[in-house]
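A.B. asks:
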């Protein structure tokens, strides 16, 4: 929406096109793989990621050989979907879904004995994904931002979140909510006292000390300028959550 002219909206998360490009780069450049089977959810999130991948994959020498669409919040048995994906003989399996479906798909992939490398997105950093997935060997997360649970900001948010919900680790949505408040506070501290001044203040604001990203700046559309992505194994990321 920011890029469509809504100047009163800003966005902290990166765009789906940016994520798709990072996924393709991971597959082609970092992993040296050539073909991918994609499982995406039927919501805009999953379909925009899939379309974004198709737009850029050739740049990294990658080709999508199959795609299946699942119904988010409804489908729980993915055996037939996985069987079709496996039949396309891909080098990697790409998941453009959120953590509930992602966790179930990973579990069912390994239960059927398919040890294919899996590449997926930052939605899988939610603790629920790891609870549902079980074995996360050979699962790669392409993420951005400094998601460090040891920082003072993260510890404060996790403590407050646990008081209210009983969950020890705040999910990604709560992290973005916390960071959004820090951005708003900084704009006000910079002197914005009216709606117009606040909107104008988005451009040029520099916010340090966020949880998802240690530095936020925004482009002319109000989108956060996040410059780099990293690929981390799900096993290593799980260790940062202090989960058993």
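Residue numbers (the numbering used here): 1057 to 1300.
Idealized CB from N, CA, C, for every residue including glycine.
Relative to the C-alpha of residue 1135, which residue among 1116, 1287, 1080, 1162 is closest?
C.D. replies: Looking at the Cα atoms, 1162 is the closest of the given residues.
A.B. asks: Would you kindly check if the distance between the Cβ of residue 1235 and the Cβ of residue 1067 is under 8 Å?
C.D. replies: Against a cut-off of 8 Å, the Cβ pair of residue 1235 and residue 1067 comes out as no contact.
A.B. asks: Could you work out which residue in 1264, 1108, 1190, 1167 is closest to residue 1150 when comparing CA atoms only?
C.D. replies: Out of 1264, 1108, 1190, 1167, 1108 has the C-alpha closest to the C-alpha of residue 1150.
A.B. asks: Along the chain, which unbroken stretches of the beta strand (DSSP E) at least 3 residues long are found entirely within the stretch 1092-1168?
C.D. replies: Entirely contained in the stretch 1092-1168, the beta strand (DSSP E) runs reaching 3 residues are, in chain order, 1119-1126, 1148-1152.
A.B. asks: Are residue 1192 and residue 1078 close, meaning C-beta to C-beta below 8 Å?
C.D. replies: Cβ distance not < 8 Å, so residue 1192 and residue 1078 don't count as in contact.
A.B. asks: Which residue marks the beginning of the alpha helix (DSSP H) containing residue 1254, and which one marks its end?
C.D. replies: From DSSP, the alpha helix (DSSP H) with residue 1254 extends over 1251-1258.
A.B. asks: Is it true that the CB of residue 1147 sits closer than 8 Å to the CB of residue 1219?
C.D. replies: Not a contact, by the Cβ cut-off of 8 Å.
A.B. asks: Find the nearest neighbour of residue 1115 within the set 1276, 1094, 1082, 1124, judged by alpha-carbon distance.
C.D. replies: Minimum Cα distance to residue 1115 is reached at 1082.
A.B. asks: Classify residue 1241 as buried or exposed, calling it buried when 16 or more other Cβ atoms lie within 10 Å of its own Cβ.
C.D. replies: Exposed, by the Cβ-count rule.
A.B. asks: Nearer than 7 Å: is that true of the beta carbon of residue 1236 relative to any heavy atom of the ligand GTP?
C.D. replies: Absence of the ligand GTP is noted for the structure shown, with no ligands found whatsoever.
A.B. asks: Kindly identify the DSSP beta-bridge partner or partners of residue 1067.
C.D. replies: Paired residue(s): 1279.
A.B. asks: When the Cα atoms are used, what is the spatial distance from residue 1080 to residue 1112?
C.D. replies: Roughly 7 Å between the two C-alpha positions.
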